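K.L.:
Quick one: structure below, then a few questions.
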Amino acid sequence: MRRRTFLTALGAAAGAGLYGCSAKHPKSTVSNSTSPSAAAPASPTPPTPTATPIVFGAEPLWPPPGVISDQDQILGEGCQILHVHGRYLIGAIGAHYLPGQTDVTGMCPVIVDLTGPTTYAILPDGVSGGYHAAEVKPTAPANNATETSKVGAVAHLATGPSTLDDNHAYIVVGKTDGVTGSSNTSDENMPLSLLKIQLSDYKATASVQLSSSFPTSAFALQDSPSGRLLFTADGTALMLTTGSDPYLALRLSATDLSIQFDAHSVLTYAYLNDLGGEAVCTSKYSSSTEPGTVVTLTDGASHTVSDSPKYVCRKWLYARRYTTAGSTVVMINVDTGEEFTLTGFPYELSDMQHTATSGDYIITCTNNQIDVRTPGSTSPTLTWNSAERAVPNSGQVYGDVLYACYMSGRITLVDLHTGEELDNRQFTPFQQACVSFVTPYGISTGRFFYPTTEWMTDSKSATPTSS
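Under numbering that gives the first Met the number 0, think of the first position of the sequence shown as 0, with each following residue one higher.
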């Protein structure tokens, strides 16, 4: 059996992070200090680019502790974390948290270098119509005001689906010119663009207008099926889905952002579902239980489906099949037509919010069961139901570890292949009660990013390794 070694970045400060009962793992740590510290979290420094995080700090690394008000978070005017990859984070933050940026309102896109952390706001140029980056320091408005002065503001911003690769950030931005004051115009239709920004100098290298007028209220639901920006399997193109009526469903070149395919070119009936970001579905009956058309964005192909489609991942369609005897979940290869009936799959497949793709896995969390499996597999890699142990409300996979999150804020780290609990800890307080991204640098809850303070590596010996 392989053994685990745990690498500590902040020594005893790790004990002030996520806390909870000890788990069932052989644990070795190396401390870099001799006394606990309650200071603001230090920037994470993973021992290797692929180190698996095991313990996280109690205070968020971004946004800084105490900056974002609870009221703004409830109203959707605080901040969101839209994507994390390696040392970089894409987020959206209320412009009133950016001192000196008096010419913008709304939710401003930002790129964060987590090694600082250093925050760069992506701001409109005004005259040129383009965008530029400016280093900013998110700060709570003076006297707890919800807005700073925005007299003469020239643009209202909205930030949509975003993603990252090793060298670039890709961000959907909505912008309305000539806005003054600070009223919430989240329901306003805006011109919509996709930006490609180079991470080495934060300069935009490409952009494309997606729509001349689009309801950016859809962006408020970033964690739902209403907004996704994904790479195709070969990494050469991007797949964008957002909105419902109207909607966008596009494939674009990852090189120059040119539009390669628009689902509107083949879909004519009512829009139903984005099926997880890789495909969209319509039905002439506007009902999810009637035959419809599934269009896969990676190749633009149309597929007539008599079942009720729910999710597509790497050409595998997961659907509900209704018969006089009841219903079952079927998995269909949209290219070949090969299909399998999935036994023991979570019943509540009808609600898309239960299913997400994480790395090489599909994770489905319902009230009674969690199921983690690779696309196309007829059996799960890991599953359990509520009769066996508590079922999380969300999860992410990094390496060989499932990070399962519960409504209480507890995070359980589970070995993906053995089901062994590696760690079991509690955030205090925990924001959002979900896990949206995991990298060696930390963990995102959708609103906050917490730094890693301890990492796990496989080792053939029990000798601890210092980072």
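Beta carbons are placed, not taken as given, at the ideal position from N, Cα and C, and that holds for glycine. Being a predicted model, the structure only gives us computed values, none of them experimental.
How many angstroms separate the CA atom of Ala203 from the CA atom of Phe230?
P.N.:
Here residue 203 corresponds to residue number 204 of the sequence shown, with the count starting at 1. Here residue 230 corresponds to residue number 231 of the sequence shown, with the count starting at 1. Those two C-alpha atoms are separated by around 19 Å.
K.L.:
Using three-state DSSP, classify Ala50 as helix, strand or coil.
P.N.:
As a working mapping, residue 50 is identified with position 51 in the sequence shown. DSSP places Ala50 in coil when its eight states are reduced to three.
K.L.:
What's the call for His416, buried or exposed, on a 16-neighbour Cβ count within 10 Å?
P.N.:
Translated into positions along the sequence shown, residue 416 becomes position 417. Here His416 is exposed: its Cβ has fewer than 16 other Cβ atoms, across all protein chains shown, within 10 Å.
K.L.:
Taking just the CA atoms, how far does Ala133 sit from Glu387?
P.N.:
What you label residue 387 is simply residue 388 of the sequence shown in a count that begins at 1. What you label residue 133 is simply residue 134 of the sequence shown in a count that begins at 1. Using only the alpha carbons, I get a separation of about 51 Å.
K.L.:
Reducing DSSP to helix, strand and coil, say where Tyr317 ends up.
P.N.:
Translated into positions along the sequence shown, residue 317 becomes position 318. Correct three-state label for Tyr317: strand.
K.L.:
Can you give the Cα-Cα distance for Gly99 and Cys107, rounded to whole angstroms?
P.N.:
Working through the sequence shown from its first residue, we reach residue 99 at position 100. Working through the sequence shown from its first residue, we reach residue 107 at position 108. Each residue's alpha carbon lies about 13 Å from the other.
K.L.:
If we call anything under 8 Å between Cβ atoms a contact, is Val103 one with Gly90?
P.N.:
Taking the sequence shown and counting its residues from 1, the one referred to as residue 103 is at position 104. Taking the sequence shown and counting its residues from 1, the one referred to as residue 90 is at position 91. Going by C-beta atoms, Val103 is not nearer than 8 Å to Gly90.
K.L.:
Return the CA-CA distance between Val471 and Thr303, expressed in angstroms with no decimal places.
P.N.:
Residue 471 is absent from the model: the chain starts at 0 and stops at 466.
K.L.:
Is it buried or exposed for Pro48, if we count other Cβ within 10 angstroms and need 16 for buried?
P.N.:
Taking the first residue of the sequence shown as 1, we reach residue 48 at position 49. Pro48 comes out exposed.
K.L.:
Would Leu163 pass as a contact of Leu251 if the rule is Cβ separation under 8 Å?
P.N.:
Position 164 of the sequence shown, counted from the start, is the residue given in the question as residue 163. Position 252 of the sequence shown, counted from the start, is the residue given in the question as residue 251. No, these two residues do not count as a Cβ contact at 8 Å.
K.L.:
Distance check for Leu341 and Ala57, CA to CA, integer angstroms please.
P.N.:
By 1-based counting over the sequence shown, the position of residue 57 is 58. By 1-based counting over the sequence shown, the position of residue 341 is 342. Whole-angstrom Cα-Cα distance: 40 Å.
K.L.:
Would Phe344 pass as a contact of Asp370 if the rule is Cβ separation under 8 Å?
P.N.:
For the purposes of this step, residue 344 is identified with residue 345 of the sequence shown, where counting begins at 1. For the purposes of this step, residue 370 is identified with residue 371 of the sequence shown, where counting begins at 1. Taking 8 Å as the Cβ cut-off, Phe344 and Asp370 qualify as a contacting pair.
K.L.:
Is Pro43 near Gly441, with beta carbons less than 8 Å apart?
P.N.:
Numbered from 1 along the sequence shown, position 44 holds the residue referred to as residue 43. Numbered from 1 along the sequence shown, position 442 holds the residue referred to as residue 441. Cβ distance < 8 Å, so Pro43 and Gly441 count as in contact.
K.L.:
Looking only at DSSP bridge pairs, what is Met406 linked to?
P.N.:
Within the sequence shown, numbered from 1, the residue matching residue 406 stands at position 407. Answer is none; Met406 lacks a bridge partner.
K.L.:
Taking the C-alpha atoms as reference points, what is the distance between Tyr397 and Val171?
P.N.:
Counting from one through the sequence shown, the residue named residue 397 turns up at place 398. Counting from one through the sequence shown, the residue named residue 171 turns up at place 172. When rounded, the separation of the alpha-carbon atoms in Tyr397 and Val171 is 26 Å.
K.L.:
Enumerate, from N- to C-terminal direction, the unbroken beta strand (DSSP E) stretches of 3 or more residues contained entirely within the region 368 to 449.
P.N.:
368 to 372, 381 to 384, 393 to 397, 400 to 404, 409 to 414, 420 to 425, 436 to 438, 441 to 443
K.L.:
For Ala205, name the three-state secondary structure that DSSP assigns.
P.N.:
Taking the sequence shown and counting its residues from 1, the one referred to as residue 205 is at position 206. Reduced to three states, the DSSP call for Ala205 is strand.
K.L.:
According to DSSP, which residues form a beta bridge with Gly242?
P.N.:
Taking the first residue of the sequence shown as position 1, residue 242 is located at position 243. Beta bridge pairing from DSSP links Gly242 with Tyr246.
K.L.:
Is it buried or exposed for Ala355, if we count other Cβ within 10 angstroms and need 16 for buried?
P.N.:
The sequence position of residue 355 within the sequence shown is 356, counting from 1. Per the 10 Å Cβ criterion, buried.
K.L.:
Which residues bound the beta strand (DSSP E) around Leu81?
P.N.:
Position 82 of the sequence shown, counted from the start, is the residue given in the question as residue 81. That run of the beta strand (DSSP E) goes 78 to 84.
K.L.:
Terminal residues of the continuous beta strand (DSSP E) containing Asp112?
P.N.:
The residue you call residue 112 lines up with position 113 of the sequence shown. Here the beta strand (DSSP E) through Asp112 covers 103 to 112.
K.L.:
For Phe230, which three-state DSSP category applies?
P.N.:
In the sequence shown, the residue the question calls residue 230 occupies position 231. If DSSP states are grouped into helix, strand and coil, Phe230 belongs with the strands.
K.L.:
Thinking C-beta only, is Glu277 closer than 8 Å to Leu249?
P.N.:
Within the sequence shown, the letter at position 250 stands for residue 249. Within the sequence shown, the letter at position 278 stands for residue 277. For Leu249 and Glu277, no; Cβs fall outside 8 Å.
K.L.:
Residue range of the alpha helix (DSSP H) that Leu60 falls in?
P.N.:
For this step, residue 60 is matched to residue 61 along the sequence shown. Counting along the chain, Leu60 falls outside any alpha helix (DSSP H), and DSSP gives it neither H nor E.
K.L.:
With Ile362 as the anchor, note down where its beta strand (DSSP E) starts and where it stops.
P.N.:
To locate residue 362, count along the sequence shown from 1; it is residue 363. It spans 360 to 364 - the beta strand (DSSP E) in which Ile362 sits, taken as one unbroken run.
K.L.:
Leaving out the 5 sequence neighbours to the left and right, which residues in its chain are closer than 7 Å to Phe55 when beta-carbon positions are compared?
P.N.:
For the purposes of this step, residue 55 is taken as the residue at position 56 of the sequence shown. Once the five neighbours on either side are set aside, the close Cβ partners of Phe55 are Gly16, Leu17, Gly441, Ile442, Tyr449, Pro450, Thr451, Thr452.
K.L.:
Which residue wins for smallest C-alpha separation from Val210, given the options Ile362, Lys174, Met330?
P.N.:
In the sequence shown, residue 210 corresponds to position 211, counting from 1. At residue 210 the sequence reads Ser, which differs from the Val that was named. Here the closest residue by C-alpha is Lys174.
K.L.:
Whole angstroms are fine: how far does the CA of Thr117 sit from the CA of Pro63?
P.N.:
Working through the sequence shown from its first residue, we reach residue 63 at position 64. Working through the sequence shown from its first residue, we reach residue 117 at position 118. Whole-angstrom Cα-Cα distance: 11 Å.
K.L.:
Helix, strand or coil for Ala324 per DSSP?
P.N.:
Position 325 of the sequence shown, counted from the first residue, corresponds to residue 324. Three-state DSSP puts Ala324 in coil, outside helix and strand.
K.L.:
In angstroms with no decimal places, state the Cα-to-Cα distance between Pro59 and Arg320.
P.N.:
Position 60 of the sequence shown, counted from the first residue, corresponds to residue 59. Position 321 of the sequence shown, counted from the first residue, corresponds to residue 320. Their backbone Cα atoms lie some 44 Å apart in a straight line.
K.L.:
Per DSSP, which one or two residues make a beta bridge with Asp176?
P.N.:
Numbered from its first residue, the sequence shown carries residue 176 at position 177. Ala154, per the DSSP bridge assignment.
K.L.:
In the DSSP output, which residue or residues are listed as bridge partners for Thr162?
P.N.:
Here residue 162 refers to the residue found at position 163 when the sequence shown is read from its first residue. Per DSSP, Tyr169.
K.L.:
Under three-state DSSP, which class holds Gln100?
P.N.:
Here the question's residue 100 lines up with position 101 in the sequence shown. Residue state, collapsed to three classes: coil.
K.L.:
Starting from Ile258 and walking both ways along the beta strand (DSSP E), at which residues does that stretch end?
P.N.:
On the sequence shown, residue 258 is found 259 positions in, with the first residue counted as 1. Per DSSP, Ile258 belongs to the beta strand (DSSP E) from 258 to 261.
K.L.:
Between the alpha carbons of Gln368 and Pro379, how many angstroms are there, rounded?
P.N.:
For this step, residue 368 is matched to residue 369 along the sequence shown. For this step, residue 379 is matched to residue 380 along the sequence shown. C-alpha separation (whole angstroms): 12 Å.
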